[in-house]
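Novice: Under numbering that gives the first Met the number 0, read the sequence shown as residues 0 to 297, first letter to last. I'd like to ask you about the structure that follows.
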Amino acid sequence: MKLLAPALIYFHEVARTGSITLAAETQHVSASAISRQISNLERSAGVPLFERHPRGMTLTEAGLLLLAHARRTEAEGEALVEELRNQGKHKTRTIKVVSSEGLAHCRVPEAMARISMQHSDIAFHLDVVPSTEGTRRVIEGEADIAVVYALGPQRDVTVEFTTPTPAFAVVARDHPLAARDSLSMAELCAYKLALPEKGISQRELFDIAAEMEHVAPTIALVTNQVGPILEFARAGAGIALMSNLVVHAQETAGVVFIPLQHPVFHQRQGQIQTMTGRSRSAIFTAFIDALIDSLSAP
């Protein structure tokens with residue numbers, strides 16, 4: 000069931016594809032019908048919603064505002080339809096969550112477990128994705144909430160909570176550097192390293208710092224998973240790079256987290272992001288509170 004008016008559906012599709020012709024193909028209507036609806040919207044709004052180019056269309060500032068409204072309306076409409084279908088049936092409602100891999104390892108599941116134990120009619124769907132993809136899904140209404148890493152303020156989403164997530168060097172307790180209070184890039188790169196793969200914010204920060212300090216690291220392990228990086232360090236094979244938020248306290252047995260001196264490693268934040276302006280239920284607010292508690296815990 001689609002609750003958006005046809006004009007908004009067509010507008011949304013033109014914004015997504017950048018083309019009236021492509022939008023017409025996906026909606027199985029004529030291009031003239033879509034063009035007419037867009038013109039009617041612009042006439043009602045009194046401002047252009049698109050800039051017309053030889054190779055497509057891009058949104059104006061007014062168009063961006065209308066797109067945000069359309070996405071909110073669509074997301075709230077889907078939630079309403081689900082609620083109507085579940086009236087009197089005691090069916091489970093699903094909260095769609097996206098998260099960076101590190102935060103999805105334990106912090107996000109902790110909050111999910113807390114809400115699940117309190118509300119038997121709530122379920123969660125968790126996708127582990129890169130931070131930029133998580134933010135995009137919230138903006139476009141594909142996810143209800145994102146728990147991701149960010150390098151500063153974010154546009155087009157509401158940031159419900161922010162916490163510092165500096166990177167640490169992780170070494171075995173018997174490693175030569177285990178007693179150090181902090182490490183320089185030169186000291187870090189004197190040993191074999193286990194790093195996140197490229198495209199992950201922590202790796203991006205490491206690459207920036209390495210270039211700034213003109214050091215040549217020996218990278219022995221690259222992965223998009225937390226577990227292998229931690230075990231690499233615990234086994235004494237070298238140094239791992241990770242945040243202290245990604246593991247439970249009981250998982251840190253046999254390793255030491257050492258702060259890194261380079262300022263670039265202190266730029267990253269953990270954020271809880273939601274769609275701007277979207278209404279929320281009491282249970283959704285409770286889930287945000289549970290996430291804040293989980294991210295704030297030592």
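All C-beta atoms, glycine included, are put in the ideal place defined by N, C-alpha and C.
Can you list, in chain order, the residues of its chain with a C-beta nearer than 6 angstroms to that of residue 133? Leave out the 5 residues immediately preceding and following it.
Specialist: 97, 145 and 147
Novice: Less than 8 angstroms between C-beta atoms, sequence neighbours within five positions excluded: which residues of the same chain meet that for residue 347?
Specialist: Here the chain has residues from 0 to 297 only, and residue 347 is not among them.
Novice: Quick check on residue 116: buried or exposed, where buried means 16 or more other Cβ atoms within 10 Å of its Cβ?
Specialist: exposed
Novice: If you draw a straight line from the C-alpha of residue 279 to the C-alpha of residue 75, how long is it?
Specialist: C-alpha separation (whole angstroms): 9 angstroms.
Novice: DSSP on residue 126, reduced to helix/strand/coil?
Specialist: strand
Novice: Under the DSSP definition of a beta bridge, which residues are partnered with residue 312?
Specialist: Residue 312 lies beyond the stretch modelled for the chain, which goes from 0 to 297, so this question has no answer here.
Novice: How many Å lie between residue 196 and residue 221 at the Cα?
Specialist: 5 angstroms
Novice: Please tell me whether residue 138 and residue 155 are closer than 9 angstroms, where the distance is taken between their beta carbons.
Specialist: The Cβ-Cβ distance between residue 138 and residue 155 falls below 9 angstroms.
Novice: Residue 309: buried (16+ other C-beta within 10 angstroms of its C-beta) or exposed?
Specialist: Nothing about residue 309 can be read from this structure; the chain reaches only from 0 to 297.
Novice: Can you tell me whether residue 296 is buried or exposed, with buried defined as 16 or more other CB within 10 angstroms of its CB?
Specialist: exposed
Novice: Taking the alpha helix (DSSP H) that residue 16 falls in, what are its first and last residues?
Specialist: 5–16
Novice: Assuming the contact rule is C-beta atoms closer than 8 angstroms, residue 192 and residue 217 should be a hit. Round their C-beta distance to whole Å, please.
Specialist: 6 angstroms
Novice: What residue ranges within the segment 161–227 form continuous alpha helix (DSSP H) runs of no fewer than 4 residues, ordered along the chain?
Specialist: 184–187 and 200–212
Novice: Pull up the distance between the alpha-carbon of residue 255 and that of residue 229, whole angstroms please.
Specialist: Going by the C-alpha atoms only, they are around 11 angstroms apart.
Novice: Which residues in the same chain as residue 22 place their Cβ atom closer than 7 angstroms to its Cβ, once the five residues preceding and following it in sequence are excluded?
Specialist: Answer for residue 22: 9, 12, 13, 16 and 33, listed in chain order.
Novice: Rank 127, 205 and 135 by C-alpha distance to the C-alpha of residue 184 and give the top, closest one.
Specialist: 205
Novice: Could you check the C-alpha separation between residue 173 and residue 182 for me, to the nearest Å?
Specialist: 16 angstroms
Novice: For the beta strand (DSSP E) that contains residue 55, what are its first and last residues?
Specialist: For residue 55, the enclosing beta strand (DSSP E) covers residues 55–58.
Novice: Since residue 100 and residue 225 are thought to touch, with beta carbons under 8 angstroms apart, how far apart are those beta carbons, to the nearest angstrom?
Specialist: 6 angstroms
Novice: Quick one: grab the DSSP three-state call for residue 0.
Specialist: Residue placement at residue 0 is poorly supported in this model, since its pLDDT is 48, which falls under 50; the coordinates are not used for a value here.
Novice: Let me know the secondary structure DSSP gives residue 113 once reduced to three states.
Specialist: Note: residue 113 maps to helix in three-state DSSP.
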